[in-house]
DNA sequence: ACGACAGACTT
DNA sequence: AAGTACATGAAG
């Protein structure tokens, strides 16, 4: 409590997103960095998450916009199941499907799922889903030019009526009232430049963020027909369920954020895609925590580069294809195979770009154009078939596929952006680095071995 | 495992 | 006067 007091008095950015300040007199809650005059200590109470402040009857501040605080869920501890459920909800899993289906996809009962939420968050899964949608809706109302009806569907509501109702209940004003208020409050001129049909958004992270290394990693693997990387931006095409589109993320280091320009042909997946972009750029992790842990290993310490993030592929399928095409060959040769595969099988998005092929497209092809051993082509097909059957869930079962061993499995985990503890111990780069720097105990890097691996790769 | 109830959701 | 965009009550 004491350090919350000093943190908010100092408007300490290091605590941004880690707790929220609720003001009893106004019934509003803020980020610790809110520029508004500091309220009297006797009138504030502290909450470790926005939803808890909301549950206590507070509404989000219009000025500091709690929904745009850097992501943090440290208070969750090591609740892996809950973490996974929250991720799924944030990916819009409850927008079309029902709670029992979500529970089933995780292999637990809906009763247990509800209990888990009640225990750790004090709210139901549905309530949490609503919270996530409303926060995103608030961001859209503020930053995008979408109409209110479009905002409703973009943030995962299936009816305008529900949206209006839910919105008013937690924000204590109607959607349009909020938008008008914001326009009078802080007009963001550069956002007002109508940009044909692109949606513009800002995604904040908690520093440090080592963009040069991220940029370099991406550039070395850039595939021209689906990506374009510049000094300060990353652009790529994507497919998410039935939606397709592209985004361009431009890094604004001074503001600790990426500005996103995004085109998508089905708004109902906008929220999921936005969260996916956060994953691809690794915006959610707290590197202060990770680096603190990794530097405990004195021998690893000199290899640690501040702010190093994990660049993720768009999804597990893309990561898997790249892993298989990269078996036994150099990064450059893997690039050749991958771009050939996209060129031959990927659908066309527009004049400049194509889409990464789907598992179905891979299955439908004989893959004659790939110059590699027949067995590896078969592995690729096995993997595509597995992906169709499993929808990318339950990744460890790919170890049963012919041609996929521990290296490929760990590599996919590492590059699909969902696991921070992947460790491809048989990787050539990893082995070399271990030897070169006399590193003896990789186990101690857990649960952040994915990051450790990237540091190792960079060190040789 | 069950029923009552609250409240989420649709029209 | 008709059409569009948004908000909300009533009922199931």
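Numbering (this note's numbering), first residue to last: -14 to 445. All C-beta atoms, glycine included, are put in the ideal place defined by N, C-alpha and C. Here the structure is a predicted model, which is why all the values come from computation and not from measurement.
How would you label residue 124, buried or exposed, when you count the other beta carbons within 10 angstroms and need 16 or more for buried? Under this definition residue 124 is a buried residue.
If I'm right that residue 245 touches residue 185 with Cβ under 8 Å, what's the distance once you round it to whole angstroms? Going by Cβ atoms, the distance from residue 245 to residue 185 rounds to 7 Å, so yes, they are a contact pair.
Which residue comes first and which comes last in the alpha helix (DSSP H) that contains residue -12? -13 to -6 is the span of the alpha helix (DSSP H), which, as asked, contains residue -12.
Which residues mark the beginning and the end of the beta strand (DSSP E) in which residue 450 is found? The structure shown does not extend to residue 450, since the chain is modelled only from -14 through 445, so no value can be given for it.
Mind listing, in chain order, the continuous alpha helix (DSSP H) runs of no fewer than 4 residues lying wholly within the stretch 107 to 184? Counting whole runs of 4 or more residues, the stretch 107 to 184 contains the alpha helix (DSSP H) stretches 110 to 128, 133 to 139, 145 to 156, 160 to 170, 174 to 177.
For residue 306 versus residue 323, is the C-beta distance shorter than 9 Å? Between residue 306 and residue 323, the C-beta spacing is below 9 Å.
Contiguous alpha helix (DSSP H) assignments of at least 4 residues, all confined to the stretch 53 to 91: 65 to 75, 78 to 81, 84 to 91, all fully within the stretch 53 to 91.
Reducing DSSP to helix, strand and coil, say where residue 276 ends up. The answer is helix: DSSP assigns residue 276 an H, G or I state.
C-beta atoms of residue 260 and residue 227 nearer than 9 Å: Cβ atoms of residue 260 and residue 227: not closer than 9 Å.
Return the chain-ordered list of same chain residues with a C-beta closer than 8 Å to the C-beta of residue 258, the five sequence neighbours on each side being excluded. Residues 223, 225, 228, 230, 232, 247, 249 of the same chain have their beta carbon placed closer than 8 Å to that of residue 258, with the five preceding and five following residues left out of the count.
Would you decide whether residue 10 is buried or exposed? Buried here means 16 or more other CB atoms lie within 10 Å of its CB. By the neighbour-count rule (16 or more Cβ atoms within 10 Å), residue 10 is not buried but exposed.
Is the stretch 109 to 127 in contact with the stretch 67 to 75, if contact means three or more CB pairs nearer than 8 Å? Contact between the stretch 109 to 127 and the stretch 67 to 75 is present, because at least three Cβ pairs lie under 8 Å.
Span of the beta strand (DSSP E) around residue 47: No residue range can be given for residue 47, since it is assigned to no beta strand (DSSP E) and is classified by DSSP as neither H nor E.
Just to check my reading of the structure: residue 99 and residue 109 have Cβ atoms closer than 8 Å, yes? What is that Cβ distance to the nearest angstrom? Correct: roughly 6 Å between the Cβ atoms.
Taking a contact to mean a Cβ-Cβ separation below 9 Å, would you say residue 3 touches residue 27 in this structure? The answer is no: Cβ separation not under 9 Å.
Within the continuous alpha helix (DSSP H) that includes residue 325, where are the two ends? Annotation: the continuous alpha helix (DSSP H) that includes residue 325 extends over 316 to 330.
Rounded to the nearest angstrom, what separates residue 17 and residue 38 at their Cα positions? If you take the alpha carbons of residue 17 and residue 38, they lie about 13 Å apart.
Starting from residue 101, trace the alpha helix (DSSP H) in both directions and tell me its first and last residue. Run containing residue 101: 95 to 105, per the alpha helix (DSSP H) assignment.
Is DSSP giving residue 447 helix, strand or coil here? Outside the displayed span of the chain (-14 to 445) sits residue 447, for which this structure offers no information.
Three-state secondary structure (DSSP) of residue 447: Since the first residue of the chain shown is -14 and the last is 445, residue 447 is not available in this structure.
Can you give me the Cβ contacts of residue 331 inside the same chain, cut-off strictly under 8 Å, excluding the 5 residues immediately before and after it? The answer, listed in chain order, is 210, 211, 339, 340, 341, 342, 346.
Looking at C-alpha atoms only, which residue of 234, 291, 149 is the closest neighbour of residue 183? Among 234, 291, 149, the Cα nearest to that of residue 183 is on 234.
Report yes or no: do the stretch 309 to 322 and the stretch 387 to 397 share at least 3 C-beta pairs separated by less than 8 Å? Three or more Cβ pairs drawn from the stretch 309 to 322 and the stretch 387 to 397 lie within less than 8 Å of each other, which places the two stretches in contact.
Cβ neighbours of residue 179 in the same chain (closer than 8 Å, five flanking residues each side left out): With a pLDDT of only 45 at residue 179, under the threshold of 50, the placement of this residue in the model should not be trusted, and no figure is reported.
Per DSSP, what are the beta-bridge partners of residue 15 in this structure? In the DSSP output, where bridge partners are listed per residue, residue 15 has 6.
Given a threshold of 16 other Cβ atoms within 10 Å of its Cβ, counted over all protein chains shown, does residue 402 qualify as buried or as exposed? Buried: at least 16 other Cβ atoms inside 10 Å.
Who pairs with residue 245 in a beta bridge, going by DSSP? Answer is 186, 234, bridged to residue 245.
Short of 6 Å in beta carbon distance, which residues of its chain neighbour residue 213, apart from the five on each side in sequence? Order them along the chain. Sequence-distant Cβ neighbours of residue 213 in its own chain, meaning closer than 6 Å and more than five residues away, are 220.
What is the DSSP secondary structure of residue 362, counted as helix, strand or coil? In this structure, residue 362 counts as helix in the three-state DSSP scheme.
Could you tell me the boundaries of the beta strand (DSSP E) in which residue 221 lies? 218 to 225 is the extent of the beta strand (DSSP E) around residue 221.
For residue -8, count neighbouring Cβ atoms within 10 angstroms of its own Cβ and tell me buried if that reaches 16, exposed if not. So residue -8 counts as buried.
Which residue from 284, 435, 376, 152 puts its Cα closest to that of residue 425? Out of 284, 435, 376, 152, 284 has the C-alpha closest to the C-alpha of residue 425.
Report the option in 58, 45, 318 whose CA atom is closest to the CA atom of residue 152. Considering only alpha carbons, the answer is 45.
Quick check: what's the CA-CA separation for residue 295 versus residue 85? Rounded to the nearest whole angstrom, the C-alpha separation of residue 295 and residue 85 is 33 Å.
For residue 297, which residues in the same chain have their Cβ closer than 7 Å to its Cβ, ignoring the five residues on either side in sequence? Only 264, 265, 267, 400, 401, 402 meet the Cβ criterion.
In terms of DSSP beta bridges, what is residue 1 paired with? Per DSSP, 4.
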